[in-house]
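Trainee: One structure, pasted below without further comment.
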Ligand code: PXL
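Numbering (this note's numbering), first residue to last: 2 to 267.
Set out below in structure tokens:
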């Protein structure tokens, strides 16, 4: 029997990011992936590929989670990855459901702002995510922008800044942090920082170009979730997720969209 991992995430119709990236990653890492959708994101080719964002009704999110959590009991399903939630109403329902089951492993990819959302609305969403979801997370995987938001730092310009952000986020949330530098920090290496309160590890892989590839962050968090579901230690999971995403970026897929998408296959 494979290990089972649930993703609670949005759909991104070009297939690079969101639930599609999570499910492909789960398959590639040999775990049985299931998904509850929180929103539908459709990039708009007529408007500079900005995000069109439609939330799914909270009751429909609750229905999906009821189906998934009833089908798979706590003995089978104890790892969940959370991606884009996108609205305070969605956050409230996900937080309620998460509190009803003692998931040992909640991996929060704290997708904060989606282009195309109202700024005021996005601020409410950020606040709700910090207040209601972050306290339930055992692991949090912020990207550069999210690490700034969650740590309260002014900016992150170096590996030591990213390290400080990871430490601050750990200290305020209690979660193990895997902070993703991606292409945002200068230099030839893509650097991530792992910090669990005791172990601090700088993970590196050569950058594959200087342009962000869609789905890299989602796939890193999903691969990390798949590995810990199998019982791998968090630090080992971070290393193997990093290697997996490096490979997935190397095999990226280009399209008529102005960004490439990671490919988790060969
Ligand atoms: O990469 C962040 C992300 C997560 N989830 C969904 C998205 C995006 C970015 O486009 O659309 C659904």
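Positions of the beta carbon are idealized from the N, C-alpha and C atoms, including for glycine.
Among the candidates 36, 6, 25 and 50, whose CA atom is the shortest distance from the CA of residue 256?
Mentor: The residue labelled residue 256 in the question sits at position 255 within the chain shown. When each option's Cα is compared against that of residue 256, the closest is 50.
Trainee: Which stretch, first to last residue, makes up the beta strand (DSSP E) that contains residue 45?
Mentor: Position 44 of the chain shown, counting from 1, holds the residue named residue 45. Per DSSP, residue 45 belongs to the beta strand (DSSP E) from 33 to 45.
Trainee: Determine, using beta carbons only, whether residue 59 and residue 20 come nearer to each other than 8 Å.
Mentor: As a first step, residue 59 must be located in the chain shown, where it is residue number 58. As a first step, residue 20 must be located in the chain shown, where it is residue number 19. Not closer than 8 Å, so no.
Trainee: Shorter than 7 Å, the distance from the beta carbon of residue 2 to the closest heavy atom of the ligand PXL, or not?
Mentor: In the chain shown, residue 2 corresponds to position 1, counting from 1. Because no heavy atom of the ligand PXL lies under 7 Å away, the Cβ of residue 2 does not count as near it: no.
Trainee: Do you know how far the Cα of residue 236 is from the Cα of residue 250?
Mentor: Numbered from its first residue, the chain shown carries residue 250 at position 249. Numbered from its first residue, the chain shown carries residue 236 at position 235. So the two alpha carbons sit approximately 21 Å from each other.
Trainee: Report the rounded CA-to-CA distance for residue 198 versus residue 142, giving the unit in angstroms.
Mentor: Translated into positions along the chain shown, residue 198 becomes position 197. Translated into positions along the chain shown, residue 142 becomes position 141. The alpha-carbon atoms of residue 198 and residue 142 are separated by roughly 15 Å.
Trainee: Starting from residue 196, follow its DSSP beta bridges and name the residues at the other end.
Mentor: Position 195 of the chain shown holds residue 196. In DSSP, residue 196 forms a bridge with 178 and 201.
Trainee: Rounded to a whole number of angstroms, what is the C-alpha to C-alpha distance between residue 93 and residue 53?
Mentor: Your numbering for residue 93 matches position 92 in the chain shown. Your numbering for residue 53 matches position 52 in the chain shown. Taking the straight line from one Cα to the other gives about 22 Å.
Trainee: Report yes or no: do three or more beta-carbon pairs, one from the region 222 to 237 and one from the region 3 to 10, lie closer than 8 Å?
Mentor: In short, these stretches touch, since the Cβ pair count reaches three.
Trainee: Use the C-beta contact count for residue 252: other C-beta atoms within 10 angstroms, 16 or more gives buried, fewer gives exposed.
Mentor: Translated into the one-based positions of the chain shown, residue 252 becomes position 251. Flag for residue 252 reads exposed.
Trainee: Ignoring anything shorter than 3 residues or poking outside the region 66 to 144, list the beta strand (DSSP E) runs there in chain order.
Mentor: Runs of the beta strand (DSSP E) inside the region 66 to 144: 80 to 83 and 106 to 109.
Trainee: Can you look up residue 62 in the DSSP assignment and give me helix, strand or coil?
Mentor: Position 61 of the chain shown, counted from the first residue, corresponds to residue 62. Residue 62 falls in the helix class under three-state DSSP.
Trainee: State buried or exposed for residue 155, treating a residue as buried only when at least 16 other CB atoms are found within 10 Å of its CB.
Mentor: As a position in the chain shown, residue 155 is number 154, starting the count at 1. Result: exposed.
Trainee: Going by C-alpha to C-alpha distance, which of 200, 74, 108 and 29 sits closest to residue 9?
Mentor: Here residue 9 corresponds to residue number 8 of the chain shown, with the count starting at 1. Cα-wise, what sits closest to residue 9 is 108.
Trainee: Just to confirm, does residue 18 get its C-beta within under 7 Å of one of the non-hydrogen atoms of the ligand PXL?
Mentor: Start at 1 with the first residue of the chain shown, and residue 18 comes out as number 17. Yes, the beta carbon of residue 18 sits closer than 7 Å to at least one heavy atom of the ligand PXL.
Trainee: Taking the alpha-carbon positions, what's the residue 200 to residue 47 distance?
Mentor: Translated into positions along the chain shown, residue 200 becomes position 199. Translated into positions along the chain shown, residue 47 becomes position 46. Going from the Cα of residue 200 to the Cα of residue 47 covers about 47 Å.
Trainee: For residue 262 and residue 170, I'd like the C-alpha separation in whole angstroms.
Mentor: Along the chain shown, one-based indexing puts residue 262 at 261. Along the chain shown, one-based indexing puts residue 170 at 169. If you take the alpha carbons of residue 262 and residue 170, they lie about 29 Å apart.
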